[in-house]
Amino acid sequence: NAGVTQTPKFQVLKTGQSMTLQCAQDMNHNSMYWYRQDPGMGLRLIYYSASEGTTDKGEVPNGYNVSRLNKREFSLRLESAAPSQTSVYFCASSETGLSYEQYFGPGTRLTVT
Amino acid sequence: AQTVTQSQPEMSVQEAETVTLSCTYDTSENNYYLFWYKQPPSRQMILVIRQEAYKQQNATENRFSVNFQKAAKSFSLKISDSQLGDTAMYFCAFSKTGFQKLVFGTGTRLLVSP
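These protein sequence lines are chains A and B, in that order.
The numbering used here applies: residue 48 is where the first sequence begins, and numbers increase by one.
The numbering used here applies: residue 820 is where the second sequence begins, and numbers increase by one.
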């Protein structure tokens with residue numbers, strides 16, 4: 048099992064460009080999440096999907112959109128990148144129900160110039 | 820809203836010694852979960868230990884144990900017999916019961932030296 052995979056691992060964008068971060072899990076989990084990690088601020092939830100077909104905003108959703116393509120895949124899109132979106136992005140997945148462990152992907156380091 | 824506070828930005832310890840990382844949280848919930856995650860230089864987030872608030876017994880996982888003080892809203896992590904591989908950022912996190920969204924603290928960077 049690969050667990051949670053993310054592509055790409057690194058990306059540099061210019062201000063105003065768009066891109067989609069891809070995430071896939073092979074653990075048959077219902078719930079998936081996108082976090083961003085900034086220095087000194089820990090991880091903050093951007094969007095989550097409790098089950099296939101549903102998505103909800105987290106703590107910092109502005110400037111992002113998500114798509115739960117199917118049970119395995121959950122993508123994060125930046126329509127018009129801004130320097131404030133320079134961060135490390137993590138995707139995670141978990142079972143639904145009680146607070147099960149979240150399994151994290153390896154992260155994507157995004158730089159917006 | 821829930822908040823998680825880690826007041827120690829950095830800690831250091833020598834190999835084989837014991838170190839305790841602090842975490843406090845604020846919530847009006849009675850049932851919830853608390854977690855410690857480890858993030859080594861590889862950047863991978865790894866669950867270290869989990870505590871369910873309704874359980875009075877402190878969780879332990881090999882060299883890792885917690886001191887959960889519900890009334891004080893404190894959740895510290897004790898690492899015994901520290902190893903070089905324990906060098907990492909450690910994040911405390913909170914989740915309401917049945918609600919998987921995690922709220923993270925700002926992290927403590929732990930350096931284990933020979």
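A virtual CB, placed ideally from N, CA and C, is assigned to each residue, including glycine.
Residue range of the unbroken beta strand (DSSP E) whose run includes residue i
i	result
Gln-132 of chain A	No beta strand (DSSP E) holds Gln-132 of chain A; DSSP gives it neither H nor E.
Asn-112 of chain A	111-115
Tyr-94 of chain A	89-96
Gln-72 of chain A	66-72
Ala-907 of chain B	907-915
Val-124 of chain A	Checking the sequence, you will find Arg at residue 124 of chain A rather than Val. Per DSSP, Arg-124 of chain A belongs to the beta strand (DSSP E) from 121-125.
Ser-831 of chain B	829-833
Proximity winner among the options, relative to residue i (alpha-carbon distances)
i	options	result
Thr-846 of chain B	B:Ala-872, B:Ile-898, B:Arg-862 and B:Gln-902	B:Ala-872
Arg-900 of chain B	B:Gln-888, B:Val-838 and B:Phe-887	Note on identity: in this sequence residue 900 of chain B is Asp, with Arg being the wrong assignment. Ranking the options by Cα distance to Asp-900 of chain B, first place goes to B:Val-838.
Thr-143 of chain A	B:Ala-912, B:Gln-919 and B:Phe-913	B:Gln-919
Leu-866 of chain B	A:Pro-108, A:Glu-148, A:Lys-61 and A:Thr-62	A:Glu-148
Gly-63 of chain A	A:Leu-123, A:Glu-120 and A:Gly-110	A:Gly-110
Thr-879 of chain B	B:Gln-888, B:Ser-826 and B:Leu-896	B:Leu-896
Ser-909 of chain B	A:Thr-67, A:Gly-87, A:Pro-55 and A:Leu-60	Position check: residue 909 of chain B holds Tyr in this sequence, whereas Ser was assumed. Residue A:Gly-87 is the option with its Cα nearest to Tyr-909 of chain B.
Arg-869 of chain B	B:Phe-887, B:Gln-833, B:Pro-828 and B:Pro-859	B:Phe-887
Val-135 of chain A	A:Tyr-150, A:Gln-84, A:Tyr-95 and A:Arg-124	A:Gln-84
Phe-923 of chain B	B:Ala-912, B:Pro-860 and B:Lys-874	B:Ala-912
Glu-99 of chain A	A:Tyr-82, A:Leu-90, A:Arg-91 and A:Ala-71	A:Ala-71
For residue j and residue i, believed in contact at Cβ under 8 Å, the rounded distance
i	j	result
Gly-152 of chain A	Gln-58 of chain A	Contact flag wrong, Cβ pair sits at about 14 Å.
Tyr-851 of chain B	Met-864 of chain B	Tyr-851 of chain B to Met-864 of chain B, Cβ: 20 Å. No contact.
Gln-902 of chain B	Glu-829 of chain B	Gln-902 of chain B to Glu-829 of chain B, Cβ: 18 Å. No contact.
Enumerated in chain order, which unbroken segments of the beta strand (DSSP E) with a length of 3 residues or greater are wholly contained in the stretch 843-904 of chain B? Listed in chain order, they are 843-845, 851-858, 865-871, 883-888 and 893-898.
Closer than 9 Å, Cβ to any Cβ of chain B: which residues of the stretch 136-156 of chain A, in chain order? Of all residues in the stretch 136-156 of chain A, Phe-137, Ala-139, Ser-141, Glu-142, Thr-143, Gly-144, Leu-145, Ser-146, Tyr-147, Glu-148, Gln-149, Tyr-150, Phe-151, Gly-152, Pro-153, Gly-154 and Arg-156 have a Cβ within less than 9 Å of some Cβ in chain B.
Tell me which residues of the stretch 99-123 of chain A have at least one Cβ-Cβ distance to chain B shorter than 7 Å, keeping chain order. Residues of the stretch 99-123 of chain A with a C-beta atom less than 7 Å from some C-beta of chain B are Gly-105, listed in chain order.
At a Cβ cut of 9 Å, what residues of the stretch 67-95 of chain A count as close to chain B, listed as they run along the chain? The stretch 67-95 of chain A vs chain B, Cβ under 9 Å: Ser-78, Tyr-80, Tyr-82, Gln-84, Gly-87, Met-88, Gly-89, Leu-90, Arg-91, Leu-92 and Tyr-95.
Determine which residues of the stretch 850-880 of chain B have a Cβ less than 9 Å from any Cβ of chain A, and write them out in chain order. Listed in sequence order: Tyr-851, Tyr-852, Phe-854, Tyr-856, Gln-858, Ser-861, Arg-862, Gln-863, Met-864, Ile-865, Leu-866, Arg-869 and Glu-871.
Output needed in chain order: residues of the stretch 919-930 of chain B with a Cβ under 9 Å from some Cβ in chain A. Answer set for the stretch 919-930 of chain B: Gln-919, Lys-920, Leu-921, Val-922, Phe-923, Gly-924, Thr-925 and Gly-926.
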